[in-house]
Amino acid sequence: MPFVAVGSLLGGLVATLIGLRGGVPWGEALLLGLPLGFLQAVLCLAARYPVRAAPLAAGQLFRVTATHLSAAVVSTVAWVVAGFGLARLLEWTPRYADVSARFLREAPTLALAGVLIFLLAVTAHYLFMALEAAREAEIRGVRARVLAREAELRALRAQIDPHFLYNCLNSIAALTAEDPGGARRMCLLMADFLRRSLTLGRREHVPLGDELSLVRDYLAIETIRFGPRLTVVETVEEICLDCPVPPLLLQPLVENAVRHGIAQIVEGGSIRIAALRDPEGVVITVDNPRNEERAGGRGAGLGLENVRERLQALHGDRARLDVASTSAGYQVRILIPWSGQVSPGAALEVNGEVPNDTA
Amino acid sequence: MTRPETLRVLIVDDEELARRGLRRDLASDPSIDVVAECPDGFDALRAAAELKPDLMLLDIQMPRLDGFEVLELLDPAIGVIFVTAHDEHAVRAFEVNAVDYLLKPVDPERLRQALGRARGRLARREPMPVAALTSAARPAGVPRDRVLVRDGSRVHVIPVEIIDYVEAQDDYIALHVAGRSHLKQQTIGAMETQLDPARFVRIHRSYLLNVDRLDRIELIAKDSRLAILRDGTRLPLSREGYTRLRAML
């Protein structure tokens, strides 16, 4: 539809031009003008090809100008020649005897108009292309944001075991009646833990110290759930706290240690977390006892694979993850390459059990 | 309206807070007597044998024995209401078999309704669909890694890899382990579906063989063969069994 409208408009314009200026009778003017108008409309549409071929870019002014001027000249010459041919055709009928001569007189004006219209079309194409590009960029931006958000949510869902959440809610429900203070404390711990894992999860890497804080929040919650069955021993060299690690690196390992270790043992036991300086970087270990009857334990594989992939993504092949598994215990050992400076007087910090009242 | 009879209930959960929560919820009902709390499956079986409760509120994820393993070994006269925080497989198994269960955190109203239904089932002496439930609760394609056998008040935990072969004996199966045998109330067909098909082959209507134990196959007559195990045991081999065994080796 827009093509027909533009074609008719241009046709009317050409007809008016040759009719008024050239004194061509209206019938002839329309017969010549309309086909020429539509032809010009086609040429205007075709202007999109030189436009695509010569995108507007800094330093390309000469190339752009040359491209379009030559395209305008070539297409206009072709257009005028086509008009002249049409006029000659019309002369076959006796009514329009000298129409080609009169057309020729108007040819320079027509040619000028043709070039101007073509250049106008070029401008319109550039405008359209810019609008389209802007819209595409916007769509791409939105898509990228959605993907990032999805990845974040997926990561979070994978990190936080629904079993853990439901059991926490159950503990809170039990505490509300007998120990409202305890219930409140547990709510606060959970809020801290969830908030912290969301914030950390968004970042590409975090200092080990931040990750350890998250793990402490998590373990404080589990200590309320498991009571005396769960104890934690942490051995962390202070210098290691600044070492960058992928976020939520240790949390799933510690969660496994609780789920597949402590939760499977009636008397419970200790989870040992250590981070020590090594010539190649920082060595982090998570140790847990396991139930000997259940030594065939299953299900830890997927979480470990995820941790391995993220280590690989951040540090390449220089990072390592090893698992040592005996019937009585399970150890995950991670080496993170890091050349951080050892500050003088870095002390070995040894914490005892995570106290029950961390809040 | 007659006063309901006292219901004697055993609470089984490895988390103390969870047990306390249930006990508190049950305390408001004078017709309920909580006879004991148990932190794991073995303890639960022992307490069930000693105290003979009417009903067990049974957590699923527990150390040593999980809820389904407890159910398998439990006196079928004792009713069970499962309690779970989150276990898609278990919940599907309950839905399929119309077994009552509670989700944590436990809604006291739902607990009350479940207790009412349990009273009804106990009065009608409706049995639990134990076999269907235990096989449905196992994630598809994950074979059993151990078999539990009750021997009086004792429970034997038998890792599947030490089983030489399984023999059908009427309604029971005998698990043969290093010259000893353990009787278990289960059909050989049900056992076959629960074991790893890459390890255990049904070589005969009455025999399920751990292929690691096979030494050789002997032809004793036309179309009649024996499977000879490493320890010298000779087991009959049916024609289908021979085909299945050949396909595996």
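In the order they appear, the protein sequences are chains A and B.
If you're matching positions, the first sequence starts at 12 in the numbering used here and goes up one per residue.
If you're matching positions, the second sequence starts at 2 in the numbering used here and goes up one per residue.
Just so it is clear, CB atoms sit at the ideal spot from N, CA and C, and this is done for glycine as well.
Here the structure is a predicted model, which means the values were calculated and not measured.
Would you decide whether residue i is buried or exposed? Buried here means 16 or more other CB atoms lie within 10 Å of its CB.
i: B/Ile-204; result: buried
i: A/Arg-309; result: The pLDDT assigned to A/Arg-309 is 47, lower than 50, so where the model puts this residue is not dependable; a value taken from the coordinates is nonetheless given after this. Result: exposed.
i: A/Gly-125; result: buried
i: A/Ala-335; result: exposed
i: A/Val-85; result: exposed
i: A/Tyr-60; result: exposed
i: A/Arg-214; result: exposed
i: A/Leu-43; result: buried
i: B/Ser-32; result: exposed
i: B/Ile-163; result: exposed
i: A/Leu-21; result: buried
i: A/Trp-349; result: buried
i: B/Ile-221; result: exposed
i: A/Glu-248; result: buried
i: B/Leu-250; result: exposed
i: A/Gln-71; result: exposed
i: B/Phe-201; result: buried
i: A/Phe-204; result: buried
i: B/Asp-213; result: exposed
i: A/Val-88; result: exposed
i: B/Thr-244; result: exposed
i: A/Phe-14; result: exposed
i: A/Ser-81; result: exposed
i: B/Leu-23; result: buried
i: B/Val-97; result: exposed
i: A/Leu-123; result: exposed
So which residues of chain B does residue i contact, with C-beta pairs closer than 7 Å?
i: A/Pro-173; result: His-87
Interface residues of chain B around residue i at Cβ under 9 Å?
i: A/Asn-267; result: Here the premise fails: no neighbours, minimum Cβ distance about 14 Å.
i: A/Asn-302; result: Pro-64, Arg-65
Going along chain B in order, which residues have a C-beta closer than 8 Å to the C-beta of residue i?
i: A/Leu-177; result: Residue identity check: residue 177 of chain A is Tyr in the sequence provided, not Leu. In chain order: Ala-86, His-87, Leu-104, Lys-105, Pro-106.
i: A/Ile-373; result: Absent from the model: residue 373 of chain A. The displayed extent of chain A is 12 to 370, so no value can be given.
For residue i, which residues in chain A fall below 7 Å Cβ to Cβ?
i: B/Leu-18; result: Ser-182, Ala-185, Leu-186, Arg-236
i: B/Pro-128; result: In chain order: nothing, as chain A lies at least about 29 Å away.
Identify, in the order they occur along the chain, each residue of the same chain with its Cβ nearer than 8 Å to the Cβ of residue i, setting aside the five sequence neighbours on each side.
i: A/Arg-63; result: Met-140
i: A/Ala-274; result: Phe-237
i: A/Gly-279; result: Phe-237, Pro-239, Arg-240, Leu-241, Thr-242, Ile-273
i: B/Met-129; result: Leu-72, Pro-77, Gly-80, Val-81, Val-100
i: A/Ala-52; result: Phe-14, Val-17, Gly-18, Leu-21
Once you ignore the five residues that flank residue i on each side, which residues in its own chain have a CB closer than 6 Å to its CB?
i: A/Val-269; result: Glu-233
i: A/Thr-369; result: Bear in mind that the predicted position of A/Thr-369 carries a pLDDT of just 41, short of 50, making it unreliable; the figure below should be weighed with that in mind. Same-chain partners within the cutoff: Ala-231.
i: B/Arg-247; result: none
i: A/Leu-54; result: Ser-86
i: B/Gln-187; result: Ile-174
i: B/Asp-197; result: Pro-144
i: A/Val-35; result: Ile-29, Arg-113
i: B/Ser-239; result: His-205
How would you list, in chain order, the residues of chain A whose beta-carbon sits under 9 Å from the beta-carbon of residue i?
i: B/Val-158; result: Glu-304
i: B/Arg-25; result: Ala-185, Ala-188, Glu-189
Applying a beta-carbon distance threshold of less than 8 Å, which residues of chain A neighbour residue i?
i: B/Arg-21; result: Ala-185, Glu-189
For residue i, collect the residues of the same chain with a Cβ closer than 7 Å to its Cβ; drop the 5 residues on either side in sequence, then sort them by chain order.
i: A/Ala-194; result: Ile-183, Leu-186, Thr-187
i: A/Ala-83; result: Val-126, Phe-129, Leu-130
i: A/His-326; result: Ile-347, Pro-348
i: B/Thr-194; result: Ser-136
i: B/Phe-95; result: Phe-83, Tyr-102
i: B/Val-178; result: Ile-159, Ile-163, Ile-164, Asp-165
query: In chain order, what residues of the stretch 36-53 of chain B put their CB closer than 9 Å to some CB of chain A?
result: Pro-40, Asp-41, Phe-43, Asp-44
query: What are the complete beta strand (DSSP E) segments, minimum 3 residues, inside the stretch 189-247 of chain B?
result: 201-205, 208-211, 215-222, 225-230, 235-238
- prompt: Counting only runs that start and end within the stretch 51-112 of chain A, where is the beta strand (DSSP E) found for 3 or more residues in a row?
  reply: none
task: Please specify which runs of the beta strand (DSSP E), each continuous and at least 3 residues long, are wholly inside the stretch 255-331 of chain A, giving them in chain order.
output: 280-289, 292-300
message: Short of 8 Å Cβ to Cβ, which residues in the stretch 187-204 of chain A face chain B?
response: Ala-188, Glu-189
- prompt: Quick one: complete beta strand (DSSP E) runs, 3+ long, within the stretch 184-260 of chain A?
  reply: 241-248
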